[in-house]
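Here is the structure we will look at.
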Amino acid sequence: MATLKIRLANSASTSALAPELPRISTLSGDRSYEISLVKSEDLSPQSKKAIYQLFDSNMSTLQQVSSFPYTEKSKSEELFDPDARYILVLSTSTTTSTSTSTSTSTSTSTSTSTSTSTSTNPSTSTSLKGKSKSETLEGNGDPAKIDFGPGDLMGFCGFRFDTEETLGTRDAEVVYCYEVQLASHTRRMGLGKILLDILEGIGNRRGLDKVMLTCLKSNEAALAFYTKQGYTPDEIDPTGMDEDDNDPDDADEEQDEDDETFEWKVDYRILSKSLRDTDRNI
């Protein structure tokens with residue numbers, strides 16, 4: 001059950017969660033990008049498609065043979081849950097546009113582009129910088145949708161606020177990182193660290209206990225990255241708990257289970273990073 005702190009975080013505006021966003025920054029090679037925070041409900045259908053395509057391009061090979069297989073429908077329901085938020089990294093060669101009530105996009109491509117596209121309708125293109133939701137309205141008075149295509153999306157971090165069980169009597173209040181995904185041409189440029197730093201700052205400002213995430217063991221590059229950023233196995237990480245509880249006398253029985261039934265061992269790690277010892281005044 002959501003605590004008051006989690007309910008307040010879920011109802012907070014994007015500007016309250018991350019007052020420093022949106023902002024424009026530059027990568028090595030003078031490549032600029034805009035980073036912003038949005039609610040999933042404010043994404044246009046084209047934007048949601050771009051997010052799903054990037055996830056699927058990066059993760060389908062690993063995840064479809066794991067204990068977390070998915071279909072486009074099931075994954076989209078998870079990605080675009082009403083409580084989901086996104087830290088977006090978008091190329092500034094085409095600034096984020098707010099779509100009108102009649103969409104100008106007719107793209108139905110399911111491939112993930114790794115090139116940076118140019119705007120086909122520059123007259124309606126507008127940067128998110130300095131804009132509040134009330135300043136970007138459609139003709140009918142409803143908030144305009146954030147609109148971008150696969151070629152504009154350099155990366156994203158998807159997260160939610162939630163409570164998670166602990167080994168104690170009190171549930172932890174956490175910001176749960178569901179995804180950190182980068183386009184292939186934007187990796188090893190420091191964007192992953194930037195996304196996590198912003199996410200940790202958001203959790204820090206809300207006074208939450210920690211950031212949590214789940215990572216497949218087969219995704220060795222991601223595990224190494226999270227470890228480098230200070231993430232360690234959480235107290236409820238099933239692999240860690242299994243190692244702690246390992247009894248040599250049970251070895252033969254466990255081997256029988258593996259040989260005669262199925263490989264039951266978990267294929268993921270639950271990692272976390274405490275926010276309780278950091279400065280709340282970021």
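Per the UniProt record's numbering, residue 1 is the first one in the sequence shown, and the count goes up by one each step.
Each residue gets a CB set at the ideal place from its N, CA and C atoms; glycine is no exception.
No experiment lies behind these values; they were computed from the predicted model shown.
Can you say whether residue i is buried or exposed, counting buried as having 16 or more other CB atoms within 10 angstroms of its CB?
i: S74; result: exposed
i: E77; result: exposed
i: E200; result: buried
i: L213; result: buried
i: S132; result: Residue confidence for S132 is low, a pLDDT of 39 falling below 50, so the modelled location carries little weight; the figure read from the coordinates is stated next. The residue in question, S132, is exposed, as its Cβ has fewer than 16 Cβ neighbours within 10 Å.
i: A221; result: exposed
i: S13; result: exposed
i: V211; result: buried
i: V266; result: exposed
i: L167; result: exposed
i: S67; result: exposed
i: K228; result: exposed
i: D30; result: exposed
i: L4; result: exposed
Checking 8 angstroms against the spacing of the C-beta atoms, do residue i and residue j come in under that value?
i: L88; j: S36; result: yes
i: D162; j: I51; result: no
i: T186; j: G155; result: yes
i: L90; j: L153; result: yes
i: L182; j: L196; result: no
i: S40; j: R85; result: yes
i: M189; j: S28; result: yes
i: I198; j: A18; result: yes
i: N10; j: D83; result: yes
i: F148; j: S47; result: yes
i: L223; j: C215; result: yes
When DSSP builds the beta bridges, which residues end up paired with residue i?
i: T26; result: S32
i: T186; result: T186 pairs with nothing; no bridge assigned.
i: Y176; result: R160, M212
i: S272; result: M212, T232
i: V89; result: I35, G155
i: L54; result: Looking at the DSSP assignment, L54 forms no beta bridge with any residue, so it has no partner.
i: L196; result: According to DSSP, which records beta bridges pairwise, L196 is partnered with nothing at all.
i: L43; result: I146
i: Q63; result: Beta-bridge pairing links Q63 to no other residue.
Could you tell me how far apart the beta carbons of residue i and residue j are, in whole angstroms, since I believe they sit closer than 8 angstroms?
i: R160; j: Y178; result: 7 angstroms
i: K217; j: Y268; result: 6 angstroms
i: T92; j: E34; result: 5 angstroms
Using 8 angstroms as the cut-off, can you tell me whether the stretch 265 to 277 makes contact with the stretch 222 to 233, which would need three or more C-beta pairs spanning the two stretches below that distance?
yes
Does the stretch 161 to 175 come within contact of the stretch 142 to 151, defined as at least 3 CB pairs closer than 8 angstroms?
no
Would you be able to state if there are at least three C-beta pairs under 8 angstroms between the stretch 54 to 67 and the stretch 12 to 31?
no
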